[in-house]
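See below for the structure under consideration.
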Amino acid sequence: DRRAANDFRAALGTGAVLFGRGDYKFVAGKLGEETLWLLGPEGARAFDEIKSEEPPAHSQAFPDSGYYVMRDGWDKKANYLLFDCGPHGTDNCGHAHADALSIELAVNGQPVLVDPGTLTYTGSQTERDAFRRSSAHNTLLIDGESSSLPAGPFSWTSIAKCEPLSWISERRFDYVEGRHDGYERLPEPATHTRSILFLKNDYWLLRDRVSSVGSHRLALRFHVASGLDGTRDGNSQSLELSGKKTGLQIAVFSKDNDEASRWHREEAKVSQCYGSSEPAPAWTFSAKSSANPQVAEELVTFLLPNPGGNAAKFQVREVEAIGGRAFEIRSDEHCDLLMLRDAKSPRVETMRMASDFNLSWARFRNGDVEGELLELLVMDGKHVELDGEAILRSEQRVEYLVASRYGDSFRVETSEGLLDLRFPIGNLEQLLADSNRQLAIGNRK
738 DRRAANDFRA ALGTGAVLFG RGDYKFVAGK LGEETLWLLG PEGARAFDEI KSEEPPAHSQ
798 AFPDSGYYVM RDGWDKKANY LLFDCGPHGT DNCGHAHADA LSIELAVNGQ PVLVDPGTLT
858 YTGSQTERDA FRRSSAHNTL LIDGESSSLP AGPFSWTSIA KCEPLSWISE RRFDYVEGRH
918 DGYERLPEPA THTRSILFLK NDYWLLRDRV SSVGSHRLAL RFHVASGLDG TRDGNSQSLE
978 LSGKKTGLQI AVFSKDNDEA SRWHREEAKV SQCYGSSEPA PAWTFSAKSS ANPQVAEELV
1038 TFLLPNPGGN AAKFQVREVE AIGGRAFEIR SDEHCDLLML RDAKSPRVET MRMASDFNLS
1098 WARFRNGDVE GELLELLVMD GKHVELDGEA ILRSEQRVEY LVASRYGDSF RVETSEGLLD
1158 LRFPIGNLEQ LLADSNRQLA IGNRK
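Mapped onto this note's numbering, the consecutive letters of the sequence shown carry residue numbers 738 to 1182.
Given below as structure tokens:
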């Protein structure tokens, strides 16, 4: 057909007819001529009669393949991320790529961070390997190595094994975490763990942690879609990608943020169709890990959509914290505070907040961290303090809690249920138990 190689709407249109799927029709849009050729006039009439329905889920996990999809809508301006934490391949993995823990990302309905493709199988061994090594994917490289090593056009000498660790998908956020053992073959073995938090309709947070007995060179790779490119300001942590219809601000923070942490641009290629390619830039953020085996190196990356592709919408900086790391993310409308607790610390503290949760995120009004609390997201912990006063206490560990201001109270969501509450919350388990008991009584009535 005459569609772009990455446009699969015609196939979805045919699938809508074969399986009677209104959600397939919604994404396919109008009838494609391919459906008419394959299924005849009856197929075209059946397509017209199917009621178009927006897919009920935005985000989805596919655990068998290891793909995790984060999406905040189905309109043409939706934001989207694909995370790969699955098996390397099947049998001899002939068609696999060394893409463990890699991502693809679209902003405002436009591809921004892409998988460069395949280009060739046997035409050139150099290009075949270049397109399937880890350096050709949006993931972390250690010491310039690939997570899996190719051996000929359709085989491998070593294969990384991915292990998914967590997947949570809720109305306000998605969270996924996984790791792989591809760098445990190095003389000083290293394990790469990546977690991704998606604050829907806002931005993504990536955490890349490297546990090792030695020091390593780390490189975060970002392959940019053809037609986009990046610019740097005076801040060595920030990169601004922009094009005609979209943009993305990338801010990366290593633990030291020293002179060894820097951005580098190179000319690369993207192959959207077999046998052909076009130039597209690749950006790399380089850092050096600690030689202390007791300290896991961590790169914290903010992927901040900029739909207009104009001036940066967000200002991100690391702020002083005890027992972990903390970041301020400012915009004209609000100021966010993110706190990440060190694994060996009982809690993490900043000037305004303290928490024993592994991850704590708060949004304040009027672009000021001293403003009124609007939202709170915490993951894996028990206690939160704001301005020296406890606002959340739980006797049992909470997997996650999201609180959004609703008038003078907060709409609180956890894995155990949903409540309308006021802070401080003194006994979360009792409140949830009372709410569930009242719900059960109401259902019986």
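Glycine residues also receive a C-beta, built at the ideal position from the N, C-alpha and C atoms.
DSSP bridge partner residues for residue i (one or two, in chain order)
{"i": "residue 841", "result": "819"}
{"i": "residue 941", "result": "935 and 1040"}
{"i": "residue 868", "result": "None, per the DSSP bridge assignment."}
{"i": "residue 1157", "result": "1148"}
{"i": "residue 887", "result": "893"}
Residue i - DSSP class collapsed to helix/strand/coil
{"i": "residue 913", "result": "strand"}
{"i": "residue 1176", "result": "Note that residue 1176 scores 38 on pLDDT, short of 50, meaning its location in the model is unreliable and no value can be drawn from it."}
{"i": "residue 748", "result": "helix"}
{"i": "residue 792", "result": "coil"}
{"i": "residue 755", "result": "helix"}
{"i": "residue 983", "result": "coil"}
{"i": "residue 855", "result": "coil"}
{"i": "residue 1162", "result": "strand"}
{"i": "residue 1091", "result": "strand"}
{"i": "residue 863", "result": "helix"}
{"i": "residue 1199", "result": "What the structure shows of the chain is the stretch from 738 to 1182, and residue 1199 is not part of that stretch, so it cannot be assessed."}
{"i": "residue 956", "result": "strand"}
{"i": "residue 1058", "result": "coil"}
{"i": "residue 1140", "result": "strand"}
{"i": "residue 1181", "result": "Residue confidence is low: residue 1181 scores 46 on pLDDT, short of 50, so the model does not pin down where it sits. No coordinate-derived value is stated."}
{"i": "residue 1077", "result": "strand"}
{"i": "residue 1033", "result": "coil"}
{"i": "residue 926", "result": "coil"}
{"i": "residue 892", "result": "coil"}
{"i": "residue 882", "result": "coil"}
{"i": "residue 965", "result": "coil"}
{"i": "residue 974", "result": "coil"}
{"i": "residue 946", "result": "strand"}
Bounding residues of the beta strand (DSSP E) (the contiguous stretch that carries residue i)
{"i": "residue 1065", "result": "1061-1067"}
{"i": "residue 738", "result": "First-last for residue 738: undefined, no H or E at that position."}
{"i": "residue 797", "result": "797-799"}
{"i": "residue 1115", "result": "1110-1123"}
{"i": "residue 874", "result": "Element bounds for residue 874: n/a, residue is neither H nor E."}
{"i": "residue 804", "result": "804-808"}
{"i": "residue 1000", "result": "999-1010"}
{"i": "residue 1015", "result": "1013-1025"}
{"i": "residue 849", "result": "847-850"}
{"i": "residue 904", "result": "899-906"}
{"i": "residue 1099", "result": "1096-1102"}
Continuous alpha helix (DSSP H) stretch holding residue i: start and end
{"i": "residue 774", "result": "770-786"}
Anticipated Cβ contact below 8 Å, residue i with residue j, distance rounded
{"i": "residue 1017", "j": "residue 963", "result": "4 Å"}
{"i": "residue 955", "j": "residue 877", "result": "6 Å"}
heavy atom of the ligand MN below 7 Å from residue i C-beta
{"i": "residue 898", "result": "As presented, the structure is devoid of all ligands, the ligand MN included, so that no description of it is given."}
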